[in-house]
Each structure stands twice: as structure tokens, then as C-alpha cells.
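Data first, discussion second: the structure below is written as C-alpha cells.
Number of protein chains: 6
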Amino acid sequence: MPTVKPVPYADAPPAVRAVYDDIMTTRKVDWINNFWLTLAHHPATLKRTWESVKEVMAPGALDPLVKEMVYLAVSASNNCEYCIRSHTAAARKAGMTEAMLGELMAVVGMANETNRLANGYQVEVDERFKQAP
Amino acid sequence: MPTVKPVPYADAPPAVRAVYDDIMTTRKVDWINNFWLTLAHHPATLKRTWESVKEVMAPGALDPLVKEMVYLAVSASNNCEYCIRSHTAAARKAGMTEAMLGELMAVVGMANETNRLANGYQVEVDERFKQAP
Amino acid sequence: MPTVKPVPYADAPPAVRAVYDDIMTTRKVDWINNFWLTLAHHPATLKRTWESVKEVMAPGALDPLVKEMVYLAVSASNNCEYCIRSHTAAARKAGMTEAMLGELMAVVGMANETNRLANGYQVEVDERFKQAP
Amino acid sequence: MPTVKPVPYADAPPAVRAVYDDIMTTRKVDWINNFWLTLAHHPATLKRTWESVKEVMAPGALDPLVKEMVYLAVSASNNCEYCIRSHTAAARKAGMTEAMLGELMAVVGMANETNRLANGYQVEVDERFKQAP
Amino acid sequence: MPTVKPVPYADAPPAVRAVYDDIMTTRKVDWINNFWLTLAHHPATLKRTWESVKEVMAPGALDPLVKEMVYLAVSASNNCEYCIRSHTAAARKAGMTEAMLGELMAVVGMANETNRLANGYQVEVDERFKQAP
Amino acid sequence: MPTVKPVPYADAPPAVRAVYDDIMTTRKVDWINNFWLTLAHHPATLKRTWESVKEVMAPGALDPLVKEMVYLAVSASNNCEYCIRSHTAAARKAGMTEAMLGELMAVVGMANETNRLANGYQVEVDERFKQAP
Numbered sequence: 011m012p013t014v015k016p017v018p019y020a021d022a023p024p025a026v027r028a029v030y031d032d033i034m035t036t037r038k039v040d041w042i043n044n045f046w047l048t049l050a051h052h053p054a055t056l057k058r059t060w061e062s063v064k065e066v067m068a069p070g071a072l073d074p075l076v077k078e079m080v081y082l083a084v085s086a087s088n089n090c091e092y093c094i095r096s097h098t099a100a101a102r103k104a105g106m107t108e109a110m111l112g113e114l115m116a117v118v119g120m121a122n123e124t125n126r127l128a129n130g131y132q133v134e135v136d137e138r139f140k141q142a143p
Numbered sequence: 011m012p013t014v015k016p017v018p019y020a021d022a023p024p025a026v027r028a029v030y031d032d033i034m035t036t037r038k039v040d041w042i043n044n045f046w047l048t049l050a051h052h053p054a055t056l057k058r059t060w061e062s063v064k065e066v067m068a069p070g071a072l073d074p075l076v077k078e079m080v081y082l083a084v085s086a087s088n089n090c091e092y093c094i095r096s097h098t099a100a101a102r103k104a105g106m107t108e109a110m111l112g113e114l115m116a117v118v119g120m121a122n123e124t125n126r127l128a129n130g131y132q133v134e135v136d137e138r139f140k141q142a143p
Numbered sequence: 011m012p013t014v015k016p017v018p019y020a021d022a023p024p025a026v027r028a029v030y031d032d033i034m035t036t037r038k039v040d041w042i043n044n045f046w047l048t049l050a051h052h053p054a055t056l057k058r059t060w061e062s063v064k065e066v067m068a069p070g071a072l073d074p075l076v077k078e079m080v081y082l083a084v085s086a087s088n089n090c091e092y093c094i095r096s097h098t099a100a101a102r103k104a105g106m107t108e109a110m111l112g113e114l115m116a117v118v119g120m121a122n123e124t125n126r127l128a129n130g131y132q133v134e135v136d137e138r139f140k141q142a143p
Numbered sequence: 011m012p013t014v015k016p017v018p019y020a021d022a023p024p025a026v027r028a029v030y031d032d033i034m035t036t037r038k039v040d041w042i043n044n045f046w047l048t049l050a051h052h053p054a055t056l057k058r059t060w061e062s063v064k065e066v067m068a069p070g071a072l073d074p075l076v077k078e079m080v081y082l083a084v085s086a087s088n089n090c091e092y093c094i095r096s097h098t099a100a101a102r103k104a105g106m107t108e109a110m111l112g113e114l115m116a117v118v119g120m121a122n123e124t125n126r127l128a129n130g131y132q133v134e135v136d137e138r139f140k141q142a143p
Numbered sequence: 011m012p013t014v015k016p017v018p019y020a021d022a023p024p025a026v027r028a029v030y031d032d033i034m035t036t037r038k039v040d041w042i043n044n045f046w047l048t049l050a051h052h053p054a055t056l057k058r059t060w061e062s063v064k065e066v067m068a069p070g071a072l073d074p075l076v077k078e079m080v081y082l083a084v085s086a087s088n089n090c091e092y093c094i095r096s097h098t099a100a101a102r103k104a105g106m107t108e109a110m111l112g113e114l115m116a117v118v119g120m121a122n123e124t125n126r127l128a129n130g131y132q133v134e135v136d137e138r139f140k141q142a143p
Numbered sequence: 011m012p013t014v015k016p017v018p019y020a021d022a023p024p025a026v027r028a029v030y031d032d033i034m035t036t037r038k039v040d041w042i043n044n045f046w047l048t049l050a051h052h053p054a055t056l057k058r059t060w061e062s063v064k065e066v067m068a069p070g071a072l073d074p075l076v077k078e079m080v081y082l083a084v085s086a087s088n089n090c091e092y093c094i095r096s097h098t099a100a101a102r103k104a105g106m107t108e109a110m111l112g113e114l115m116a117v118v119g120m121a122n123e124t125n126r127l128a129n130g131y132q133v134e135v136d137e138r139f140k141q142a143p
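Put into C-alpha cells, the structure is as follows:
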């Protein structure tokens with residue numbers, strides 16, 4: 011169980027309920043997952059986090075599937091079980107196939123390996139990599 | 011400077027030179043960046059790491075641009091300066107625009123934030139997120 | 011279950027029991043939590059860790075509530091379930107309200123986000139931030 | 011140098027300039043630090059991040075000094091040089107003494123140590139720590 | 011349960027079965043642990059990861075016990091429960107005593123503490139530490 | 011430069027000087043490296059950290075070379091430049107050859123990769139790995 015009490019829809023004050031409604035409308039779902047129910051413990055954090063996630067994950071120069079896979083990649087690297095499970099589900103819903111998931115995890119693993127080799131040997135940054143475009 | 015001596019092409023033993031040649035051929039470039047020159051300190055690590063990276067980063071179910079952006083996302087999350095700079099350059103070469111980089115970093119930042127909110131409150135995983143497909 | 015056998019009070023050798031007694035006296039409690047029971051697997055680590063924690067967490071220039079909240083912030087950031095749960099409890103005991111916990115987690119989340127934005131873009135440190143006082 | 015071009019005030023489009031102005035007004039300073047100049051590469055990220063930081067760091071149930079110290083603690087734990095230097099400066103400006111900084115770093119170090127001891131031995135969470143209040 | 015379906019030996023295609031057979035032969039065991047059964051979801055990752063682990067963990071300039079302890083140290087530091095439990099078991103099988111485990115965890119804890127003290131204060135690298143041999 | 015003023019031997023108060031003397035005597039060196047000079051900003055942290063490091067790194071069930079390599083492995087994984095450089099030097103002084111360093115980094119890289127594969131797929135811990143000895 012979480013360290014704070016989640017706030018079910020039925021008990022939510024109007025400001026929290028408004029966020030819940032926007033989540034369901036935006037995502038075209040009829041339930042609220044535990045992440046938001048738990049954040050509602052601190053309504054300002056619920057509202058700010060939802061609005062940020064909504065803006066950041068909207069289609070743009072990157073499509074939603076790529077964004078979900080990047081989210082999953084970071085969550086796998088940081089070991090957040092909740093985020094790994096919820097974003098694996100979200101990425102699949104957005105079209106991620108099993109082959110794509112396999113390649114995604116392979117890249118995540120490889121990046122974590124070479125990050126430590128580069129840092130562990132204190133590899134010097136090449137001059138050519140130092141310019142902004 | 012790195013903690014070990016990089017091995018320039020001219021001084022490389024044949025096994026190392028063969029890896030260097032394969033890197034340049036595969037990537038269609040005429041130079042070797044410091045990461046590989048430094049790994050050559052331990053030739054078995056150079057060869058294994060290059061062959062793994064070559065396999066993992068090849069086009070497949072995910073295209074090379076997505077793979078480069080995922081690599082950059084993980085490296086930014088882990089704070090590997092070498093990897094951030096080299097994969098920002100590689101992603102741009104593979105077609106990443108400035109708008110895509112902006113959205114990528116926004117997702118990385120958001121994932122790092124929500125990873126800690128989920129862990130910090132010990133949010134319980136929803137039953138619906140627990141099934142494999 | 012842990013990877014080593016915890017040492018219950020009844021079975022503890024005198025050196026371990028002395029640490030357990032000091033923990034209970036210092037904290038004014040009548041039980042020993044699993045962290046210390048497990049560390050007792052290696053008595054030198056138990057003793058050194060307890061003495062360090064006792065010294066570091068004592069009231070000083072920072073009051074105990076602030077120290078507990080900082081401990082919780084780091085533990086949430088690192089994702090140590092045991093530490094998150096035990097220090098959430100300890101911080102509440104020291105006076106942390108639910109509103110304070112909400113703001114604390116908000117700061118932890120925000121710091122984790124901006125840490126990656128600063129590193130991900132390799133933001134240059136301003137000259138004004140480089141001086142020691 | 012950063013991986014993207016910072017946007018100086020003189021070259022900033024109106025939407026970016028509005029954020030810069032709000033930063034200077036809110037913080038009562040007459041310059042913009044590199045973090046914001048660099049984020050301006052992606053104006054939506056600049057605006058959203060500033061508004062979030064402004065809201066999260068405002069006085070509330072926790073005072074600004076505590077918030078700055080928590081920010082610094084997380085940044086030290088994650089090793090973000092930019093954030094360590096800028097928030098050490100900010101915390102001092104908010105009243106952090108050298109003794110407070112010393113105790114803060116001691117708590118950060120100790121939390122990082124015990125987080126790994128708890129995880130490394132897979133210490134079991136005590137039943138008493140599992141309840142929300 | 012994992013986010014993908016593990017592949018039991020009976021259902022494994024020949025390429026996967028060949029890796030399973032090599033794991034059992036190399037390790038002189040008659041079962042396959044869940045890590046490999048799960049990686050088999052993406053056969054290329056299974057094969058590449060096994061071949062890399064087999065090469066890296068073979069006796070060389072470092073003996074297998076030291077390698078297992080280093081693996082455990084990194085896993086404890088990163089908080090990978092699966093890896094902590096499997097490599098604690100593997101290290102014990104390779105000869106790690108309880109006293110050795112106690113000292114190993116003490117070093118892991120201490121390194122995590124001093125890493126943050128060095129980064130948190132931005133300690134300057136001594137000139138004498140900057141030379142490669 | 012560090013965020014606090016290092017304390018040179020000549021300016022050190024007696025309590026700090028006593029620690030410096032013990033460091034030089036214990037390590038049989040005639041200089042103090044920046045880590046300790048910087049920690050001296052907070053004498054209690056200097057003294058506690060030194061005494062802990064001295065105890066933890068002393069010969070025991072593990073020899074000093076193994077301990078130095080584990081310290082380096084954790085520091086490489088966490089990306090602490092100061093610690094990587096100082097413990098690479100210390101490990102070499104304790105007898106680490108270049109071949110040993112190469113194998114050590116290979117294990118560190120591999121552990122970081124498989125930690126993320128195990129977490130990223132949420133691999134289930136095998137029953138056989140759950141028992142303490």
C-alpha cells in the first residue's frame with residue numbers, strides 16, 4: 011500500500027474531480043489509475059503533474075508511440091516498477107509490438123552498459139562532439 | 011584525460027585494427043572516436059562492445075533515429091557526458107530536428123519526475139497493469 | 011525475506027545486544043526494526059552504521075525534522091522502499107504534516123526533472139555560481 | 011558548451027522574453043542564469059518548467075530554505091553539477107550557514123549509504139512501517 | 011509477473027533451446043533461471059546477452075568469485091532485486107563466506123556515501139590522480 | 011573549484027590536523043588529497059568519514075585490492091569522477107594490473123546492462139534465489 015491515502019473519485023473535492031474528469035476525457039478511458047489517485051493526496055501536485063504530462067505527451071514533432079517508448083526506457087533505467095508496468099501497457103496500446111519492445115530494451119541495456127564504460131574510463135569528449143549545431 | 015591510454019590506429023595490433031576498420035566501414039566515416047580508442051585498452055571489451063552496439067543499433071522493428079533518441083534519453087538520465095554529446099550528434103545525423111530534441115528532453119525530464127513521485131509515495135500497481143499480453 | 015539471516019535480540023551476542031540497547035534507549039522505543047536486525051549479520055557494520063546515523067541525525071544546525079525529510083527525499087530519489095517507508099514514518103513522528111510531505115515530494119520530483127534537463131543539454135555553469143563563499 | 015544554443019535576452023522572441031521577465035521579477039534579480047537561457051531552445055519547456063519551479067519552490071508548509079536544501083540534497087545525490095552549484099548558491103542566499111551545509115551533506119551521504127545496505131541485503135519492510143496514517 | 015511471457019524450454023524454438031543448452035552445460039546446472047527464460051522473448055537479446063555474460067564472467071585476470079562480488083556490488087548499488095538475489099546466490103556458490111559478504115556490503119555502502127560527498131561538494135580532482143599509468 | 015573552502019594543513023585546527031596526521035600515517039603518504047581537505051569544512055564529517063573508511067577498507071575477509079576494485083566499480087557505476095580517478099590510482103597502487111582493470115570495467119558494464127534488462131522486463135525472482143543460507 012502507498013504511504014498516503016489515495017483519493018477515490020467519490021470522495022474527491024471538486025478541484026481533484028475536475029482533474030480526474032480531464033484525465034478520462036483526454037485519454038478516452040472510464041477509470042483513473044492509482045498514480046493519479048495517490049497524487050491527489052496533494053491536489054496542487056496532482057493538477058500540475060497532470061497538466062505537464064498532458065502537454066509533454068501530446069503529439070508533436072515526436073509521435074505518441076515514440077514518447078511512450080522513451081518514457082518506458084527512462085523508467086526501466088531508473089527502476090520504477092509502477093512506471094515500467096504502466097508505460098509498457100501504454101506503449102502497447104499506442105502500437106508497440108513485441109519486437110519493438112525487445113529492441114527497445116536492448117538499446118536501454120546497451121546504453122546503460124556503455125554509459126558506465128565511458129564514465130568508468132573517463133573517456134575524453136572528442137572535439138567534434140562539442141559543437142552545438 | 012582518460013584513466014587508461016587510448017590506442018591510436020597507427021599503434022593498434024591487428025585485432026584492434028580490424029574492429030576500427032569495421033567501425034569506419036559500417037558507419038561510413040574516416041575516423042574513430044575516443045570511446046573506441048579508449049576501450050581498445052582491453053581488446054576483448056572493444057570487440058564485444060562494438061559487435062553488440064552494431065547489432066543493437068541496426069535498423070529493425072525500430073528505426074535508427076528512434077534508437078539514437080532512446081540512447082540519448084538514457085544517457086541524459088544517467089548523466090554520461092560523453093554519451094550525451096556523442097548521441098546528440100548521432101541523433102542529429104540520423105535526422106533529429108531541434109524540435110524533436112526539445113520534446114525528447116521534455117519527456118526525459120517528466121519521466122524522471124514521475125518516477126520519483128511513484129516511488130516516493132510507493133504507489134500501488136493497478137491490477138490492470140500486471141498482465142503480460 | 012532478506013539475503014542474510016536477521017539476528018533477533020534473544021540470539022544476539024553481547025556486542026550486538028549493546029547496539030540494540032543503545033538504539034532503543036536513544037530512540038525511546040521498545041523494539042528494533044528489521045534494518046538493524048539484518049545489519050547485525052555483520053556486527054562491525056551494525057555498530058559503525060548505528061553510531062554514524064546517531065551522530066548525523068542528532069539535533070544540530072538542522073533540526074531532526076528537516077534531517078528526516080532530507081533522508082526521505084534522497085531515499086525517494088534512489089528508490090529504496092525500506093528507507094522510504096521507515097523515514098516517512100520517522101518524519102511523521104518528528105512532526106511532518108501531510109501538507110509538508112506533499113510539498114517535499116513535489117520538490118523531489120522537480121529536482122529530478124531539472125537535474126536531467128541541465129545534464130541532458132549540458133548547461134554550462136554560470137561564472138557567478140562557481141565561487142565558494 | 012551546451013548541446014543547443016542558449017537564447018540571450020536580446021534575441022528572445024516575446025514569449026521567451028515574458029518568461030525571462032517573470033523570472034527576474036519573481037526572484038528580484040537583474041540577470042538570467044544559463045539554465046533558463048538554454049531551456050529557451052524549446053520555449054514550451056522553458057515556460058512549463060519555470061511555472062512549475064515557481065509554484066513548487068514558493069513558501070508554503072515548508073519554508074524556502076528547507077526547499078532549497080532538499081533540492082540540493084537530491085542534486086548532490088544525482089550528481090548534477092549545474093544544479094549542485096546553483097542550488098548551493100540559492101540555499102546560501104536563503105540563509106543556509108556553513109554548519110547547515112555540512113550537516114546536510116552528512117545526511118545525504120548517510121542516506122545514500124543506508125539505502126544500499128537496505129537494498130543490498132533486501133531488508134524486509136517491518137509491518138509497522140506499512141500503514142498510511 | 012514479468013511484462014512479457016517467459017519461454018519455457020519445452021516451447022522454445024531451436025535457436026533459443028541452443029542457448030538454454032549452452033547455459034546449462036557451461037554452468038553445470040539442470041535448470042534455466044527466469045532471467046534467461048524472460049529474455050527469450052527477444053531471441054537476439056537472449057543470445058547476445060548470454061554470450062557476453064559468458065565471456066565477461068569467465069576466469070581471467072580476475073577470478074570468478076571476485077567477478078561475482080563486483081556484479082553483486084553494482085546490483086546492490088543500482089537496486090536490482092533480481093540481480094541482487096541471483097548474484098548473492100552465485101557468489102556464495104563461488105565461495106563467498108558470510109564475512110566476505112558483510113565486508114562487501116560495507117564497501118558498497120561506504121562508496122555510495124563518499125561518492126555523494128565528493129560530488130556534493132564538487133571536490134576538485136588532485137593533479138596526481140589525473141595521469142594514466 | 012569546490013563549493014566550500016578546503017582547509018590546508020597549515021590552517022587546520024588541532025582536531026582536523028589529528029585526522030590529517032592519522033591519514034598520512036595509516037596510508038604511509040606525506041600529503042593529503044583534496045577529498046579530505048574539502049571534508050574538513052565540516053570537521054565532524056571529516057572525522058567520522060575517515061574513521062569509517064579506515065575501518066571498512068582495512069584488510070579482513072577481503073583483501074585491500076578487492077576492496078579497492080569494488081570501490082572503483084561502484085564509483086564508475088555512479089559516475090563520481092573524483093572517486094573514479096582516486097580509486098583507479100589506489101587500486102593500481104594495491105596491485106591492479108591493466109588486464110584486471112579491463113575485466114573489472116567489463117563486469118561493471120555488463121552488470122549495468124543486465125540490471126536494466128531484469129528490471130525493464132520485471133523478471134520474477136526464482137524461488138531458489140529467495141532463501142538465505
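Residue numbers (our numbering), protein chains in the order written: chain A, 11 to 143; chain B, 11 to 143; chain C, 11 to 143; chain D, 11 to 143; chain E, 11 to 143; chain F, 11 to 143.
A virtual CB, placed ideally from N, CA and C, is assigned to each residue, including glycine.
Roughly how many angstroms separate the alpha carbons of E:Tyr-92 and F:Ala-22, rounded to a whole number? The sequence position of residue 92 of chain E within the fifth sequence is 82, counting from 1. The sequence position of residue 22 of chain F within the sixth sequence is 12, counting from 1. Going by the C-alpha atoms only, they are around 47 Å apart.
Assuming E:Leu-47 and E:Pro-16 make a contact with CB atoms under 8 Å, what is their CB distance in whole Å? For this step, residue 47 of chain E is matched to residue 37 along the fifth sequence. For this step, residue 16 of chain E is matched to residue 6 along the fifth sequence. Right, their Cβ atoms sit about 4 Å apart.
Alpha helix (DSSP H) containing F:Arg-27: first to last residue? For this step, residue 27 of chain F is matched to residue 17 along the sixth sequence. First-last of the alpha helix (DSSP H) with F:Arg-27: 24 to 37.
Where does D:Met-120 land, buried or exposed, given buried means 16+ other C-beta within 10 angstroms? Stepping through the fourth sequence from its first residue, residue 120 of chain D is reached at position 110. Buried.
Cβ-Cβ distance between A:Asn-129 and F:Asn-89 below 7 Å: As a first step, residue 129 of chain A must be located in the first sequence, where it is residue number 119. As a first step, residue 89 of chain F must be located in the sixth sequence, where it is residue number 79. A contact, by the Cβ cut-off of 7 Å.
Residues of the segment 99 to 132 of chain E with a CB closer than 8 Å to any CB of chain C: list them in chain order, please. Glu-108, Ala-109, Leu-111, Gly-112, Glu-113, Met-115, Ala-116, Gly-119
Give the range of the alpha helix (DSSP H) segment to which D:Cys-93 is assigned. In the fourth sequence, counting from the first residue as 1, residue 93 of chain D sits at position 83. Element bounds for D:Cys-93: 91 to 103.
DSSP state of B:Pro-12 mapped onto helix, strand, coil: Counted from its first residue, the second sequence places residue 12 of chain B at position 2. Three-state DSSP puts B:Pro-12 in coil, outside helix and strand.
Run of the alpha helix (DSSP H) containing E:Met-120, from where it starts to where it stops: For the purposes of this step, residue 120 of chain E is taken as the residue at position 110 of the fifth sequence. Unbroken alpha helix (DSSP H) run through E:Met-120: 108 to 130.
For E:Lys-57, does the three-state DSSP call read helix, strand or coil? Stepping through the fifth sequence from its first residue, residue 57 of chain E is reached at position 47. Note: E:Lys-57 maps to helix in three-state DSSP.
Could you spell out the range, first to last residue, of the alpha helix (DSSP H) harbouring B:Trp-199? Residue 199 of chain B cannot be examined here, being either before or after the span of chain B that is shown, 11 to 143.
Going along chain D in order, which residues have a C-beta closer than 9 Å to the C-beta of E:Ser-87? Numbered from 1 along the fifth sequence, position 77 holds the residue referred to as residue 87 of chain E. Those are Arg-126, Asn-129, Gly-130, listed as they occur along chain D.
Within this structure, are the beta carbons of E:Ala-104 and E:Leu-72 separated by less than 7 Å? Start at 1 with the first residue of the fifth sequence, and residue 104 of chain E comes out as number 94. Start at 1 with the first residue of the fifth sequence, and residue 72 of chain E comes out as number 62. Against a cut-off of 7 Å, the Cβ pair of E:Leu-72 and E:Ala-104 comes out as no contact.
CA-to-CA distance, F:Glu-113 to E:Val-66, given in whole angstroms: Here the question's residue 66 of chain E lines up with position 56 in the fifth sequence. Here the question's residue 113 of chain F lines up with position 103 in the sixth sequence. So the two alpha carbons sit approximately 7 Å from each other.
Tell me which residues share the same chain as E:Val-26 and place their Cβ nearer than 7 Å to its Cβ, disregarding the 5 neighbours each side in the sequence. Mapped onto the fifth sequence, residue 26 of chain E falls at position 16. So the qualifying residues of the chain are Val-17, Ala-50, Pro-53, Leu-56.
What is the DSSP secondary structure of C:Asp-21, reduced to helix, strand or coil? Counting from 1 along the third sequence, the entry for residue 21 of chain C is found at position 11. DSSP places C:Asp-21 in helix when its eight states are reduced to three.
For C:Tyr-131 and B:Ala-100, I'd like the C-alpha separation in whole angstroms. Stepping through the third sequence from its first residue, residue 131 of chain C is reached at position 121. Stepping through the second sequence from its first residue, residue 100 of chain B is reached at position 90. So the two alpha carbons sit approximately 15 Å from each other.
State the CB to CB distance for the pair F:Arg-126 and A:Asn-122, rounded to an integer number of angstroms; the pair is presumed to be in contact (CB under 8 Å). The count along the sixth sequence starts at 1 and reaches residue 126 of chain F at position 116. The count along the first sequence starts at 1 and reaches residue 122 of chain A at position 112. So it is a contact: roughly 5 Å between Cβ atoms.
Leaving out the 5 sequence neighbours to the left and right, which residues in its chain are closer than 6 Å to E:Glu-145 when beta-carbon positions are compared? The requested residue 145 of chain E is not part of the displayed model; chain E covers only 11 to 143.
C-alpha distance - B:Ser-85 paired with B:Ile-94, whole-angstrom precision: Counted from its first residue, the second sequence places residue 85 of chain B at position 75. Counted from its first residue, the second sequence places residue 94 of chain B at position 84. Their backbone Cα atoms lie some 6 Å apart in a straight line.
Could you tell me whether the Cβ atoms of C:His-97 and C:Leu-82 are closer together than 7 Å? If you number the third sequence from 1, residue 97 of chain C lands on position 87. If you number the third sequence from 1, residue 82 of chain C lands on position 72. Contact: yes.
Establish whether the CB of D:Pro-72 and some CB of chain C are separated by less than 7 Å. By one-based count along the fourth sequence, residue 72 of chain D stands at place 62. Before going on, a small fix: residue 72 of chain D reads as Leu here, not Pro. For D:Leu-72, the answer is yes, since a Cβ of chain C falls inside 7 Å of its Cβ.
If contacts are defined as beta-carbon pairs under 8 Å, then B:Val-118 and A:Val-80 qualify, I think. What distance do you get, rounded to the angstrom? The count along the second sequence starts at 1 and reaches residue 118 of chain B at position 108. The count along the first sequence starts at 1 and reaches residue 80 of chain A at position 70. About 7 Å separates the two Cβ atoms, so the contact holds.
Would you say A:His-97 faces chain C, with C-beta separation under 7 Å as the test? Numbered from 1 along the first sequence, position 87 holds the residue referred to as residue 97 of chain A. Cβ-Cβ to chain C under 7 Å: no for A:His-97.
For a contact meaning CB atoms closer than 8 Å, what does B:Glu-65 contact in chain E? In the second sequence, counting from the first residue as 1, residue 65 of chain B sits at position 55. The contacting residues are Ala-54, Arg-58.
Let me see if you follow: with CB-CB separation under 7 Å, is C:Tyr-81 close to chain D or not? Along the third sequence, read from residue 1 onward, the residue named residue 81 of chain C stands at position 71. So yes, C:Tyr-81 belongs to the interface.
Does DSSP put D:Lys-140 in a helix, in a strand, or in coil? Taking the first residue of the fourth sequence as 1, we reach residue 140 of chain D at position 130. In this structure, D:Lys-140 counts as coil in the three-state DSSP scheme.
Let me know if B:Glu-2 comes out buried or exposed under the rule of 16 or more other beta-carbons within 10 Å of its beta-carbon. Residue 2 of chain B is absent from the structure shown; chain B starts at 11 and stops at 143.
Tell me which same chain residues have a C-beta within less than 7 Å of the C-beta of F:Pro-143, skipping the five on either side of it? Numbered from its first residue, the sixth sequence carries residue 143 of chain F at position 133. So no residue of the chain qualifies.
Does the beta-carbon distance from E:Glu-134 to F:Pro-24 come in below 7 Å? Residue mapping note: residue 134 of chain E aligns to position 124 of the fifth sequence, counting from 1. Residue mapping note: residue 24 of chain F aligns to position 14 of the sixth sequence, counting from 1. Cβ atoms of E:Glu-134 and F:Pro-24: not closer than 7 Å.
Over the uninterrupted alpha helix (DSSP H) stretch that includes B:Pro-74, give me the two end residues. Position 64 of the second sequence, counted from the first residue, corresponds to residue 74 of chain B. Segment 74 to 88, the alpha helix (DSSP H) holding B:Pro-74.
Could you say which of F:Met-106, F:Phe-139, F:Arg-58 lies nearest to D:Met-115 if we only look at CA atoms? Sequence index remark: in the fourth sequence, residue 115 of chain D carries index 105 (1-based). Out of F:Met-106, F:Phe-139, F:Arg-58, F:Arg-58 has the C-alpha closest to the C-alpha of D:Met-115.
Does DSSP put A:Glu-65 in a helix, a strand or coil? Looking up residue 65 of chain A in the first sequence gives position 55. Three-state DSSP puts A:Glu-65 in a helix.
If you measure from the beta carbon of D:Glu-134 to each beta carbon in chain C, is any gap under 7 Å? For the purposes of this step, residue 134 of chain D is taken as residue 124 along the fourth sequence, with counting starting at 1. Yes, D:Glu-134 counts as interfacial toward chain C.
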